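Enquirer: Numbering (UniProt numbering), first residue to last: 1 to 368.
The beta carbon of each residue, even a glycine, is placed where N, CA and C say it ideally should be.
In this text, all values refer to a predicted model and were calculated from it rather than measured experimentally.
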């Protein structure tokens, strides 16, 4: 679909801002890769060939019996016995010497009637965000060729947790920012356009709501309902929608008596059309100016709650929890370095992108 001339001009302005444009490209690559985290870091194979059939363990549950094992529980694909069963087609000899069988199959010295070699396609990082790494030594373990950024204090691979944590933080931020922005823009538009008692009552309610201690509410609700992603999204939106109200309200108060608004009212244009088709675009520059602060504030809120232990469940891949581990394990500097680098890169890219979007919507801003 072709862009309108106005949106085309905005896009061209955004592309001329090289810092914002390249930040968008880098961020899109990083976020796009994180969306396929299960294909990059996982303790299950992407694809398994067993006796001529193909299996996709990252999408479906397969019991060990599906590969010739004895148990109905999910196959432990990193177990040498399961790997031997897959490679040998389910021969019982795997239970006696799985490592020796795997070596014989790999060397081509194993032969049996009806034997068809199976295989498993593994992700580049053979660990999920909650996989315990089988390495000797006391956790946290330093980086090596197996764990590029080491492990945390429960021997979970840091790279895998960063990939999953990055995706979780961005998705959380996008959802919260979108919902809070919609509610805040609508509330601010209603206040600024109609004014009077509606504006007065809304302002008093916002003052009371803003004074509510959000952390106490979160602690109480989590104690009653338990910690969860969507509950945290709901609470964050409930306490975050007021951020844009003041800016949008001020823009609508300024614009409601301008000539084009008075002319539209005289022509019988509905209030909804006047507010959201004619007035809101003029308020977008001021609104977009606040978005970088809302985005970074949302990421900081999630990280802060996880750092304090009131955020997502402890098993979730949280960057805030990684920061807490860095604080508790000063002898493992790779944890602090990783947490700082991830937050610095993520927040810098987002701020640069939204600065470019803000400038693209500003008709007074031009780039050479």
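(1) Can you have a look at residue 147 and say buried or exposed, based on whether 16 or more other CB atoms are within 10 angstroms of its CB?
(2) Do the CB positions of residue 128 and residue 41 come within less than 8 angstroms of each other?
(3) Where does the unbroken beta strand (DSSP E) through residue 47 begin, and where does it stop?
(4) Does residue 327 pass the burial test, meaning 16 or more other C-beta atoms within 10 Å, or should it be called exposed?
(5) Would residue 73 pass as a contact of residue 57 if the rule is Cβ separation under 8 angstroms?
(6) Look at the alpha carbon of residue 185 and the alpha carbon of residue 119, and state the distance between them as a whole number of angstroms.
(7) Give me the Cβ distance between residue 239 and residue 214, rounded to the nearest whole Å; I'm assuming they're in contact under 8 angstroms.
(8) Considering only residues of the stretch 226-298, which uninterrupted alpha helix (DSSP H) runs meet the minimum length of 4 residues and lie entirely inside it, listed in chain order?
(9) For the stretch 350-358 against the stretch 16-30, do three or more pairs of beta-carbon atoms, one drawn from each stretch, fall closer than 8 angstroms, so that the two count as touching?
(10) For residue 16 and residue 360, what's the separation of their Cα atoms in angstroms?
(11) Who are the Cβ neighbours of residue 61 in its own chain at under 8 angstroms, not counting the five residues just before and after it?
(12) With the cut-off set at 8 angstroms, would you say residue 167 and residue 319 are in Cβ contact?
(13) Is there contact here, the stretch 138-154 with the stretch 78-89, by at least three beta-carbon pairs under 8 angstroms?
(14) Just the Cα atoms here: how many angstroms apart are residue 190 and residue 324?
(15) Identify the residues that DSSP records as bridge partners of residue 119: which are they?
(16) Report the three-state DSSP secondary structure of residue 55 (helix, strand or coil).
(17) What residue range does the alpha helix (DSSP H) around residue 24 cover?
(18) Are the stretch 284-294 and the stretch 245-261 touching by the rule of at least three beta carbon pairs closer than 8 angstroms?
(19) State the Cα-Cα distance for the pair residue 368 and residue 26, rounded to the nearest angstrom.
Expert: In short, the structure shows the following:
(1) To locate residue 147, count along the chain shown from 1; it is residue 147. Per the 10 Å Cβ criterion, buried.
(2) What you label residue 128 is simply residue 128 of the chain shown in a count that begins at 1. What you label residue 41 is simply residue 41 of the chain shown in a count that begins at 1. Yes, they are a contact pair.
(3) The residue you call residue 47 lines up with position 47 of the chain shown. Element bounds for residue 47: 47-50.
(4) Sequence index remark: in the chain shown, residue 327 carries index 327 (1-based). Label assigned to residue 327: exposed.
(5) Translated into the one-based positions of the chain shown, residue 73 becomes position 73. Translated into the one-based positions of the chain shown, residue 57 becomes position 57. Contact flag unset, no.
(6) Within the chain shown, residue 185 is the residue found at index 185, counting from 1. Within the chain shown, residue 119 is the residue found at index 119, counting from 1. Using only the alpha carbons, I get a separation of about 54 angstroms.
(7) Residue mapping note: residue 239 aligns to position 239 of the chain shown, counting from 1. Residue mapping note: residue 214 aligns to position 214 of the chain shown, counting from 1. That belief holds up - the Cβ atoms of residue 239 and residue 214 are roughly 4 angstroms apart, short of 8 angstroms.
(8) 229-240, 245-255, 259-266
(9) Verdict: yes, contact present.
(10) Reading the chain shown from its first residue, position 16 is the one you call residue 16. Reading the chain shown from its first residue, position 360 is the one you call residue 360. Going from the Cα of residue 16 to the Cα of residue 360 covers about 9 angstroms.
(11) Sequence index remark: in the chain shown, residue 61 carries index 61 (1-based). Excluding residues within five positions, the ones whose Cβ falls inside 8 angstroms are 74.
(12) The count along the chain shown starts at 1 and reaches residue 167 at position 167. The count along the chain shown starts at 1 and reaches residue 319 at position 319. No.
(13) no
(14) Taking the first residue of the chain shown as 1, we reach residue 190 at position 190. Taking the first residue of the chain shown as 1, we reach residue 324 at position 324. Distance between the alpha carbons of residue 190 and residue 324 is about 42 angstroms.
(15) In the chain shown, residue 119 corresponds to position 119, counting from 1. Paired residues: 49.
(16) Within the chain shown, numbered from 1, the residue matching residue 55 stands at position 55. Here residue 55 sits in strand by DSSP.
(17) Sequence index remark: in the chain shown, residue 24 carries index 24 (1-based). Residue 24 -> alpha helix (DSSP H) spans 18-35.
(18) yes
(19) On the chain shown, residue 368 is found 368 positions in, with the first residue counted as 1. On the chain shown, residue 26 is found 26 positions in, with the first residue counted as 1. Unreliable placement is indicated for residue 368, whose pLDDT of 47 sits below 50; no coordinate value is reported for it.
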